[in-house]
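Enquirer: So the sequence shown is numbered by this note's numbering: it starts at 16 and just counts up by one. We put the CB at the ideal spot given by N, CA and C, even for glycine. In this text, all values refer to a predicted model and were calculated from it rather than measured experimentally. Quick one: the structure is below, and I'll ask about it shortly.
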Amino acid sequence: MQFPQTVDNNKNNERKDENNYTENEVTCQSPTNEIQKVESIESTMHNNELDSDTILRNNPALRPLQLKENELVFNRLRQHICQKWLLQLEKAKQTIFGHENSKEHIQCIIKWIEFIKQNTDVDEYMVSQIKREFNYWSAILNRIVVVIRFSAGRGLAFRGHNEVIGSSNSGNYLGMLELLTQFDPVLKQHIDTFANIGKGNVNYLSKTICEELIDIMSQKVLTHIITEYWGIIVDLTPDNSHVDQLSVIFRYYLNGHVYERFFCFLQIKGHDGKSLITDILDLLERYDIDITSCQGQAYDNASNMSGKYSGLQARVIERSELAFYIPCAGHSLNLVGQCSVSECINSINYFGVLQSLYSFFVASTHRWDLLKGNHATLKRLSDTRWSSLCHIAEDTEEKSDTRHETLCLLNKITKLEFAFMAVHWHHILKRFNAVSKFLRKVELDLHTASSMLLSLIDFVKNLQNDLTKFENESKNLARLLKKTIRIRTEER
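Below is the structure:
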């Protein structure tokens, strides 16, 4: 029967051990150590916005402070924490009072009071402010776009050596904007405010914005060029860097007028009909242009363009049956003239002498000045031209090779055959040139072009009846040439 008593004794021993442990733990903790513990968790209390009772109750390290025996230490810790909080509150008051008395705060309060007196809400004020900004920048962009259109329409260079507003080397674009500031107060205020402020600031005056506006305007022009029905004109035009490219021109009818507009330069990969049609189709697809709307095509007479089976015109007709091919009338007329000259040996000699005359005068600036001094050019017949040759032939300061070449040219041009060919071709080429210029008109139609070519054929045929007239004119010209040379010789 000793067993229950033993259990009671064990329980009593455990209670004594627990009480001894608690008393020893409380005894070993001094007030200074407790203050340090509280200070270590002070930041946690402040950040989490917890009161001291919650912190002391939930923190195991401070449980002994909840005992009645440590009530004095507990009160001292509360007083220490309160003192620190009061000190921080005093500093916060000083900061707040300093802000309330600052110039920025007072200005904001004045603006706020003025805003309240207007009886408007914030949304309306923000909308009105956005409208003012929108109207301002729209006005600036309108002026910039007008300058860009003016310069681009006349082919003027935009940029200069620098982008400094006020510099004489800033280019036409910035120079025109500076000029407008003398008459436009809005643009003047904008340039005075935003000129030369560097990168990272919005002013719409930089070359980047200018190039973007040019690109946007060019895209708009390209979309305006293409109408419902159009024709295409292409020609191979290599540039100075020897890059093969096609000049693409669209011909269209709009509001009672016919227009021909340059579209773009298209770099090509080959000269055969298959490569050309591939490049043109890629171009049309890029700008969303349907080739079935093509109603005509005009190229030169090269086989890769005009070929009936594998030329470019045949491949376009495969995709648009109404795209009839019409050879370039001006190019065809030039080919006819070249072939006509090549059929007559006297004509070949005549134009050979003219080419030699041109090369002779162009080879030296001194000779060209002599030609200009006689008020003559190599584009028309003139007896004063031969005077220049006589002067060179008799000038002892000229080299012997030059004088010999001059004498050879004089012997050729003083012959009756040369004078006859000069009179004959003068009449033909005068009419030929007039027809060629007429065929370049944009408003020209097929019927008018055919009529002009037929009239030129009739004119050349009728020249056979004027051989006696040409003979008399050539004799008079030959006498005049010999007389001019004799007079120049006697003067020397």
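1) Within the region 226-262, note down every full beta strand (DSSP E) run reaching 3 residues or more, in order along the chain.
2) In whole angstroms, what is the alpha-carbon distance linking Tyr268 and Asp287?
3) Can you tell me whether DSSP reads Glu275 as helix, strand or coil?
4) Closer than 7 Å to a non-hydrogen atom of the ligand FMN - does that hold for the CB of Ile240?
5) So, is Ile145 buried or exposed, given that buried needs 16 or more other C-beta atoms within 10 angstroms?
6) To the nearest angstrom, report how far apart Ala313 and Leu299 are at their CA atoms.
7) Tell me whether the region 154-168 and the region 183-197 touch, counting them as touching only if at least three CB pairs, one residue from each stretch, are closer than 8 Å.
8) Quick test of your reading: Asp250 and Leu237, contact by CB under 8 Å. State the CB separation rounded to the nearest angstrom.
9) Can you name, in chain order, every residue of its own chain whose Cβ lies under 6 Å from the Cβ of Ala493, other than the five neighbours on each side?
10) How would you call Phe265, buried or exposed, if buried means at least 16 neighbouring beta carbons within 10 angstroms?
11) Between the region 274-292 and the region 319-336, are three or more C-beta pairs nearer than 8 Å?
12) Run the CB neighbour count on Ile155, radius 10 Å, all protein chains shown included, and call it buried at 16 or more, exposed below.
13) Quick check: what's the CA-CA separation for Asn487 versus Asn364?
14) Going by the CB atoms, is the gap between Leu171 and Asn157 shorter than 8 Å?
15) Let's see if you can read the secondary structure: which residues bound the beta strand (DSSP E) around Gln310?
16) Using a Cβ-Cβ cutoff of less than 6 Å, which residues in the same chain neighbour Lys456 once the five nearest sequence positions on both sides are dropped?
17) Beta-carbon separation of Glu227 and Ser308 under 8 Å?
18) With distances taken from CA atoms, which of Ser221, Asn218, Ile111, Ala449 is nearest Ser470?
19) Please confirm whether Ile341 and Leu461 have their CB atoms less than 8 Å apart.
20) Using beta carbons (cut-off 8 Å, strictly below), is Val236 in contact with chain D?
21) Ignore the nearest five residues each way along the sequence and tell me which others in Ser233's own chain have a CB closer than 7 Å to its CB.
22) Hey, how far is the Cα of Ile224 from the Cα of Asn270?
23) Is Gly175 closer than 8 Å to Ser166 when the C-beta atoms are compared?
24) If you draw a straight line from the C-alpha of Phe112 to the C-alpha of Val142, how long is it?
25) Would a C-beta distance cut-off of 8 Å place His442 and Leu482 closer than the cut-off?
26) Give the secondary structure of Ser397 by DSSP, where H, G and I count as helix, E and B as strand, and everything else as coil.
27) Whole angstroms is fine: what's the gap from Ser355's alpha carbon to Val258's?
28) On the DSSP bridge assignment, give the partners of Leu195 in chain order.
29) With which residues is Gln282 paired in a DSSP beta bridge?
30) If distances are taken between C-alpha atoms only, which option among Trp152, Ala464, Cys359 comes closest to Gly345?
31) Can you give me the C-alpha to C-alpha distance between Tyr151 and Gln204, rounded to a whole angstrom?
32) Got a sec, what are the start and stop residues for the alpha helix (DSSP H) Lys203 sits in?
33) Between Asn216 and Phe130, what straight-line distance do the alpha-carbon atoms span, to the nearest angstrom?
34) What is the C-beta distance between Gly311 and Gly246, in whole angstroms, given that I count them as a contact (C-beta under 8 Å)?
35) Ignoring anything shorter than 4 residues, give me the alpha helix (DSSP H) runs that lie fully in the region 298-380, in order along the chain.
36) Where does Leu492 fall in DSSP's three states?
Expert: Let me spell this out:
1) 245-251
2) Roughly 30 Å separates the two Cα atoms.
3) Note: Glu275 maps to strand in three-state DSSP.
4) The ligand FMN is not part of the structure shown, which contains no ligands of any sort.
5) exposed
6) 17 Å
7) yes
8) Not confirmed; about 19 Å, so no contact.
9) Leu431, Ala434
10) Per the 10 Å Cβ criterion, buried.
11) Yes, they touch.
12) buried
13) 21 Å
14) no
15) 309-313
16) none
17) no
18) Ala449
19) yes
20) Among the chains in the structure shown there is no chain D, since it carries only a single protein chain.
21) none
22) The alpha-carbon atoms of Ile224 and Asn270 are separated by roughly 34 Å.
23) no
24) 34 Å
25) no
26) Because Ser397 sits at a pLDDT of 37, beneath the cut-off of 50, its placement in the model cannot be relied upon, and the following sentence gives the value as read from the coordinates. Here Ser397 sits in coil by DSSP.
27) Val258 has its alpha-carbon roughly 33 Å from the corresponding atom of Ser355.
28) BP columns for Leu195 are empty, so no partner.
29) DSSP lists Gln260 as partners of Gln282.
30) Ala464
31) If I take the Cα positions, the gap works out to 11 Å.
32) Segment 200-209, the alpha helix (DSSP H) holding Lys203.
33) 30 Å
34) 3 Å
35) Here the runs fully enclosed are 318-321, 327-334, 344-357, 360-377.
36) helix
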